[in-house]
Amino acid sequence: MKNYRLFLPILFFILSIYTSTAQTDTLKVIEHFTKITKNKPYRNYKNIEALNTVAEYIYNEFSKYSQKTHYQEYTVDVKFYKNVICNFGKSKS
């Protein structure tokens, strides 16, 4: 019975940390999702400026977590587009 007296408070502490972190992560995902999807003019292939604004936002956010962030630029019908590429973790080299 004495073991449970020590184990239960530790378990509740760990669960409270996990729950707090999960809620923070969820709020952060909602914040990013809103930032990317609720912009005007709408983000589509006809609106390159809006695409570039979102690409810059994603690049800046990814750069906070990885030094391996870059743009992949390409051209379609004389219009320039870009993707954001980011690697997390160790490379497999």
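Heads up: the sequence shown is residues -22 to -1, 1 to 71, going by mature numbering (1 follows the signal peptide of the UniProt record, and there is no 0).
We put the beta carbon where it would ideally sit given N, CA and C, even for glycine.
Length of the line joining the Cα atoms of residue i and residue j
{"i": "Asn65", "j": "Phe40", "result": "9 Å"}
{"i": "Ile14", "j": "Val32", "result": "6 Å"}
{"i": "Asn17", "j": "Leu29", "result": "10 Å"}
{"i": "Met(-22)", "j": "Lys42", "result": "Since pLDDT at Met(-22) reaches only 47, below the 50 mark, its modelled position is unreliable, and the value read off the structure follows with that caveat. Answer to the nearest angstrom: the Cα atoms are 47 Å apart."}
{"i": "Tyr35", "j": "Lys6", "result": "14 Å"}
{"i": "Thr12", "j": "Pro19", "result": "14 Å"}
{"i": "Arg21", "j": "Glu27", "result": "8 Å"}
{"i": "Lys24", "j": "Ile63", "result": "22 Å"}
{"i": "Tyr59", "j": "Ile8", "result": "26 Å"}
{"i": "Val54", "j": "Thr4", "result": "36 Å"}
Supposed contact pair residue j and residue i - C-beta distance, whole angstroms, cut 8 Å
{"i": "Asn38", "j": "Gln50", "result": "Actually they are not in contact, since the Cβ atoms of Asn38 and Gln50 sit about 16 Å apart, beyond 8 Å."}
Residue of the options minimising C-alpha distance to residue i
{"i": "Gln45", "options": "Gly67, Phe58, Thr4, Lys57", "result": "Gly67"}
Distance cut-off 6 Å: residue i Cβ against heavy atoms of the ligand GDP
{"i": "Asp55", "result": "Of ligands this structure carries none, so the ligand GDP is not represented either."}
request  = Could you tell me which uninterrupted beta strand (DSSP E) segments, each at least 3 residues in length, are contained entirely in the segment 13 to 71, listed from first to last along the chain?
outcome  = Runs of beta strand (DSSP E) with 3 or more residues, each lying fully within the segment 13 to 71, are found at 47 to 54, 57 to 64, listed in chain order.
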